[in-house]
Amino acid sequence: MASLLLLVPLLPALGALINGIRSFARPLEPKNKKTTNFFALASTLLSALIASYLVATSGAAWEHSYYTWIPAGVGHVSGGFLSDFTVNFAFRIDPLSSTMLMVVTWIGFLIHVYATGYMAHETGYTRFFAYLNLFMFMMLLLVLGANYVVMFVGWEGVGLCSYLLIGFYYEKNFAADAGKKAFVVNRIGDFGFILGIFLIFNTFGTSDYARVFALASAHPLQYAGAATAICLLLFIGACGKSAQIPLYVWLPDAMAGPTPVSALIHAATMVTAGVYMVVRSNVLFRLSPVAMMVVALVGAATAIFAATIGLAQNDIKKVLAYSTVSQLGYMFLGAGVGAFTAAIFHLMTHAFFKACLFLGAGSVIHGCGGEQDMRKMGGLRKYMPQTRWTMLVATLAIAGMPLFAGFYSKDEILAGAFAFHPGIWFLGAAGAGLTAFYMFRLYFMTFSGHYRGAEGVGIETSEPEHAGDDLIPSSVHLDQGDAHTDKGHGHHAHAHTPHESPLVMTGVLMILAILSIFGGWIGWPAAMGGGFPTPFQRWLKPVLLPVGGRQFHFHEASHAQELILMAASVGIAAVGIFLAFRFYKRDETWAVPKRLATRLRPIYGLLTNKYFVDEIYDAVVVQTTLIFSRALAWFDVNIIDGLVNLTRHVTVFAFGHGSSLFDRFVVDGAVNGLADAAAGSSRMFRKLQSGFVQNYALVMGAGIVLIAAVYLFLKP
Amino acid sequence: MGILNIVTYTPLLGAAVILFFIRSDNPKMIRYAATIFATVDFIVSLFLWWGFDPNASGSRLFQFRFVRDWIPSLGVKYDFGIDGIALLLIVLTTFMGLIAIVSSFSAINFREKEYYVLLLLLQTGMIGTFCALDFFLFYVFWEVMLVPMYFIIGIWGGPRKLYAAIKFFLFTLAGSVLMLLSILALYFFNDDGIPFLHIRGLGNGYTFSVLQYHNIGHLIPPSLQFWIFLGFFFGFAIKVPMFPFHTWLPDAHTEAPTAGSIILAAVLLKMGTYGFVRFALPILPDATRQLILPIVVLSIIGIIYGALVTLVQKDMKRLIAYSSVSHLGFVMLGMFALNPMGLKGSVIQMINHGISTGALFLLVGIIYERRHSRDIADYGGLAKQMPMYATLFLIAALSSMGLPALNGFIGEFTILLGVANRNIWWAVFAAIGIVLGAAYLLWLYQRVFWGPLDNPANRTVRDLNRRELAMLVALSAVMVWIGIYPKPIFEVIEKPVEYVMGKVDPAYMNRPPIQYPAAVAEAEASK
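The structure is reproduced here in structure tokens:
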């Protein structure tokens with residue numbers, strides 16, 4: 068069992084190693100591609116199959132330590148105890164890690180399959196799959212780790228892969244910038260995470276989940292104070308990885324990576340790691356109402372904030388990126404209000420429909436010759452029926468329409484939010500309305516109307532000036548132009564008719580579309596005739612340990628109340644869909660949104676420019692650091708080293724010239740001949756080592772005298 | 109005759125062979141000879157590790173002892189012996205020494221004979237310093253190291269080589285003189301004219317024996333300890349280098365030839381930190397505990413200041429040199445956490461920094477040989493032209509920034525775990541250095557390897573040759589190995605760290621162990 072589990076991450080690692088070495092060879096022969104596919108896909112598939120077998124056969128939670136990884140030594144822990152701060156390389160299988168395992172391996176495999184079609188003409192094909200496999204390895208470490216340190220390895224490891232894949236088109240400056248930005252912002256989050264881990268060690272003497280949670284759940288009062296600090300620090304890490312305010316800024320830029328990467332890493336798996344971490348630490352979070360509140364508020368704020376930005380983006384991937392930020396906000400909102408299972412449930416359904424949306428967007432981009440600007444799409448339902456239908460399903464799912472997966476998970480989160488505070492519920496429901504609007508805006512702009520791409524740029528050039536900003540790239544759109552396209556190597560730069568994508572891509576879309584419907588049914592709510600708790604809640608129950616002897620209780624409201632809330636949130640979402648329909652489907656000139664954009668220019672400008680947060684960060688954080696660093700570098704060269712050089716000049720002058728003056732006037736006066744000899748020899752010595760050895764001898768002598776004198780004076 | 113003598117003097121023998129038996133107009137032969145002797149030395153050091161008993165403690169902690177009277181009238185002994193810390197540093201020295209020699213094949217093309225002789229001589233000096241358990245002997249080796257390095261920088265260095273060489277020499281000498289003063293203070297320390305050791309019944313004469321001082325150090329009055337510590341401090345802190353004594357480092361590194369930079373970063377800087385952990389801490393426990401705060405403050409300043417200054421460097425070598433200031437700040441900080449985690453992390457980070465920064469200097473040297481520029485602005489888009497070089501550079505950079513599953517993480521994590529265990533706020537400040545570490549290395553990487561390949565001069569640069577590839581793959585393999593399975597390293601430093609802890613803070617372990625309740629998760633799940 069344990070060694071089989073080890074294979075789950077090791078197989079993709081092996082695939083990464085082999086393809087990584089192979090990637091140095093000639094890039095794009097068909098034969099090379101087949102071999103690459105073999106290693107990448109076989110390792111991922113086998114890993115997914117083994118994982119499934121293990122999940123199916125592991126009845127209870129179990130963990131296995133493979134070896135002692137970091138035997139750091141004995142440390143002091145709170146309460147005046149000693150503990151051995153040892154970190155084992157250990158894996159853990161329980162309902163939570165199993166859920167993540169299934170999502171990661173299978174979605175990962177599907178996206179690998181899709182990528183063989185999407186990336187087919189790219190140089191760096193083998194390198195791409197090496198990175199993708201490496202990502203799988205790291206992500207599996209993250210979810211399988213049985214302690215926080217192993218999780219941290221995966222955590223930073225996926226960050227590295229994200230960096231490499233965002234910067235996949237490294238020759239493009241925007242991709243290189245985006246990759247670095249992602250890594251550094253994540254590191255800021257990791258700063259909090261690692262300090263949280265240290266506090267966990269200081270408090271519990273270990274970072275093994277089992278021991279930490281056992282101790283915390285046995286003595287909740289004793290550990291409540293420490294738990295607040297720990298949870299807030301961990302949450303900083305979660306904000307970095309899962310793109311929450313204030314560290315969300317890297318995710319939209321991360322769209323510079325190839326689209327399968329956006330689907331796998333920046334939607335379905337990696338960015339949800341923060342949610343996984345918070346739910347994993349639920350025992351600690353439940354000890355600290357303050358931390359829970361912070362998580363809920365940051366989640367709600369992010370959900371709304373990102374959704375408003377999503378309203379005014381024209382790049383199809385950017386819309387999806389902000390939508391991801393927003394949906395992650397929902398997950399944190401769920402976790403923060405104590406609906407941990409709902410958060411994981413939404414994580415899972417989101418993985419289905421958002422992967423479907425991103426891959427659908429990829430299919431669209433692929434079919435439109437690398438175009439990402441929705442203003443140059445339109446009418447694609449004719450050309451890409453399969454993509455269209457699957458994306459419609461996923462869009463309905465994210466909009467939270469009943470029977471689609473997103474509905475069940477979002478509803479569970481909102482029900483929890485209402486029980487927590489109606490205001491939070493309202494934020495969540497409003498966000499759902501915005502989501503429905505911008506997602507259907509995306510859908511209609513892409514698939515309805517007529518194609519605005521190749522056959523003369525249409526609306527755009529025909530009414531350039533007076534049209535709303537909505538259609539015109541204004542000068543304040545800071546990252547316009549080719550900066551958006553991830554098809555960096557431009558194999559379809561020329562205009563042509565959009566075409567449907569190959570079966571490897573659309574097949575994956577169909578599977579994900581099916582999951583975007585039925586994937587939510589395992590959380591069928593009691594109010595709609597399901598059981599209480601739902602099957603998914605029952606499944607995750609073992610992870611929600613009792614605290615202080617009290618069992619975890621799932622939130623249960625009256626069915627009537629729940630149905631009303633459901634109806635309300637679906638109603639709000641329906642309004643959003645209707646408005647999108649009115650604005651972007653019924654009227655092909657998009658007159659209403661253009662008018663709105665003109666009339667509400669300041670607000671619209673704020674939204675298209677993402678509230679200028681990037682610019683503010685750049686000015687406040689980046690430039691300040693650089694200016695300060697330059698000042699320090701100047702200080703280092705001119706002041707600190709200046710002092711060193713000054714010492715040199717002073718000693719050369721004072722002792723060198725001084726002693727020769729001394730020679731000339733004092734010694735010379737007394738004993739002429741001797742003085743001449745001394746001066747001559749000193750001059751000679753100076754020549755020998757350009758004056759420095761004598762100098763050093765003097766410094767040395769002076770130093771000894773000085774220290775000895777100080778010592779003698781201060782001797783007690 | 110003692111395996112430690114073999115490992116110490118094999119390079120010297122090599123130097124002699126090259127000096128006397130190989131004509132200076134036959135550089136190929138000189139290179140081969142140097143490589144063979146360095147390889148033999150490396151293999152001997154591996155045998156050393158193989159024969160080392162990690163469980164030996166107490167009087168058997170220092171192994172492979174080789175003790176002879178040297179100058180009996182002064183109590184000077186020829187005393188060799190190593191514990192796990194010295195063992196690791198010796199293996200690091202022989203490994204990086206070999207890398208340094210192999211890296212010079214194409215880099216050095218005049219006065220090869222002197223060059224390889226000096227490099228081998230330097231290696232003997234370094235290994236001897238780690239082996240010596242007699243202060244007099246230690247001081248001799250310490251000074252032996254200095255001279256070859258001075259010439260290596262001064263003859264084969266860059267444009268400002270003389271300035272850099274003399275600066276290096278003077279800085280280090282100033283420090284070592286103060287260190288000598290402290291050694292003499294220990295030596296002459298007595299009670300009304302009777303040598304201290306005699307009173308304690310430990311002998312009837314003066315001694316330079318380090319292990320003797322380990323045993324009686326805590327009996328020295330704290331006020332005197334303070335002054336002796338101060339002398340050691342200047343000697344070692346300059347070598348480390350700690351802020352604000354670091355300004356010789358960027359100059360020395362920038363001007364030194366590649367091999368010089370590798371050795372300087374990998375081993376010579378460790379002399380300072382090794383000095384602290386071998387002498388200052390165990391011999392002067394009261395002073396050590398008394399001076400924790402100032403040293404911690406200097407270390408933290410070094411970490412952050414070094415990282416910020418690194419961020420804006422325009423010269424690759426200077427950039428990496430400044431990053432050393434930051435990294436060595438971590439080593440010092442961990443050591444002065446004065447707990448097992450901090451000390452272990454500190455020792456491991458000495459090794460890691462040697463590997464990672466050594467590798468980075470090697471990498472910069474490789475591109476310098478091709479393009480004769482270290483200016484970051486001259487590069488861009490190299491990943492396309494040199495994919496292997498780019499990949500190995502990335503691995504070294506990631507290792508240097510402490511990415512988990514590579515060696516740097518093990519050291520930084522263990523250090524910060526120890527530091528946080530003593531004072532979480534120290535860890536907070538130090539962790540800022542980790543964030544900045546990612547920033548400066550990734551920015552460097554981006555500017556050199558990513559972006560368009562727009563400098564025509566870079567379009568014809570060839571990727572790594574086999575020799576370079578072999579060196580870098582070996583270094584990368586070590587990085588991955590330590591990152592994933594550091595147990596062999598933790599194993600050998602367990603007892604030495606226990607030993608130092610026992611000297612510097614004997615009360616540390618006087619607490620009961622924590623008790624964990626039966627894991628609730630398992631109980632729940634098995635129902």
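Chains A and B supply the protein sequences, listed in that same order.
Numbered continuously in my numbering, the first sequence closes out at residue 783.
Numbered continuously in my numbering, the second sequence closes out at residue 635.
Here a beta-carbon is modelled for each residue, glycine too, at the ideal position from N, C-alpha and C.
Under the 10 Å beta carbon count, Lys384 of chain A is surrounded by 16 or more other beta carbons and is classified as buried. Within the stretch 237-266 of chain B, no residue has its Cβ closer than 7 Å to any Cβ of chain A. In the three-state reduction of the DSSP assignment, Gly672 of chain A falls in the helix class, which pools H, G and I. Per DSSP, reduced to three states, the secondary structure at Gln333 of chain B is helical. The beta carbon of Pro448 of chain B sits closer than 7 Å to some beta carbon of chain A.
In the structure shown, the three-state DSSP call for Leu446 of chain B is coil. Going by C-alpha positions, Glu655 of chain A is about 6 Å away from Gly516 of chain A.
Taking every protein chain shown into account, the CB of Trp533 of chain B has fewer than 16 other CB atoms within 10 angstroms, so this residue is exposed. Excluding sequence positions up to five before and after Val148 of chain B, its CB lies within less than 7 Å of the CB of Thr118, all in the same chain and listed in chain order.
CA-CA distance, Phe351 of chain B to Leu195 of chain B, rounds to 28 Å. Note on Val717 of chain A: under 16 other CB atoms within 10 angstroms of its CB, so exposed under the neighbour-count rule.
Asp703 of chain A is classed as buried because its beta carbon has at least 16 other beta carbons within 10 Å across all chains shown.
If the five residues before and after Ala505 of chain B are omitted, its C-beta is found closer than 6 Å to the C-beta atoms of Leu549 and Tyr553, all from its own chain and listed in chain order.
Gly272 of chain A places its beta carbon 7 Å or farther from that of Gly304 of chain A. The alpha-carbon of Tyr315 of chain A is positioned some 36 Å away from that of Arg617 of chain A. Taken through DSSP and simplified to helix, strand or coil, Tyr314 of chain B comes out as coil.
Of the other Cβ atoms in all chains shown, fewer than 16 fall within 10 Å of the Cβ of Leu401 of chain B; this residue is therefore exposed. Counting along the chain, Arg176 of chain B sits inside the beta strand (DSSP E) bounded by residues Gln171 to Ile179.
Between the C-alpha atoms of Thr665 of chain A and Glu629 of chain A there is a straight-line separation of about 40 Å. Inside the stretch 117-191 of chain B, DSSP marks whole beta strand (DSSP E) runs of 3 or more residues at positions 171-179 and 184-190, from first to last along the chain. The residue among A:Thr462, A:Ala593, A:Ile297 and A:Arg668 with its C-alpha nearest the C-alpha of Ile264 of chain A is A:Ile297. Distance from the CA of Val680 of chain A to the CA of Lys248 of chain A, rounded to the nearest whole angstrom, comes to 14 Å. The beta carbon of Leu427 of chain B sits closer than 8 Å to the beta carbons of Thr418, Gln421, Ile484, Tyr548 and Leu552 from its chain, once the five residues preceding and following it are set aside; these are given in chain order. Contact note: Thr135 of chain A reaches chain B through Lys595, using a C-beta cutoff of 7 Å and chain order. Under a 10 Å Cβ-count criterion, Ala107 of chain A is classified as buried, with 16 or more other Cβ atoms of the shown protein chains found around its own Cβ. Annotation: the continuous beta strand (DSSP E) that includes His131 of chain A extends over Trp129 to Val144. Identification of chain A residues near Pro512 of chain B by a Cβ-Cβ cut-off of 7 Å yields Phe219, Val220, Glu223 and Gly224, ordered along the chain.
By the Cβ criterion, the stretch 209-224 of chain B is in contact with the stretch 130-148 of chain B, since at least three pairs of Cβ atoms, one from each stretch, lie closer than 8 Å. Per the C-alpha coordinates, the member of B:Gly489, B:Val439, B:Arg575 and B:Ala123 positioned closest to Leu524 of chain B is B:Val439. Pro287 of chain A and Ala528 of chain B have their alpha carbons spaced roughly 23 Å apart. Ranked by Cα distance from Gly262 of chain B, the first of B:Ser454, B:Pro365, B:Lys185 and B:Pro358 is B:Pro365. When Cβ pairs closer than 8 Å are counted between the two stretches, the stretch 218-233 of chain B is seen to touch the stretch 119-129 of chain B, the count reaching three or more. Put simply, the CB of Lys247 of chain A is near chain B, with a gap under 7 Å to one of its CB atoms. Residue pairing by DSSP puts Ser150 of chain A in a beta bridge opposite A:Gly142.
Close partners of Ser150 of chain A in chain B (Cβ separation under 8 Å): Pro621 and Ile622.
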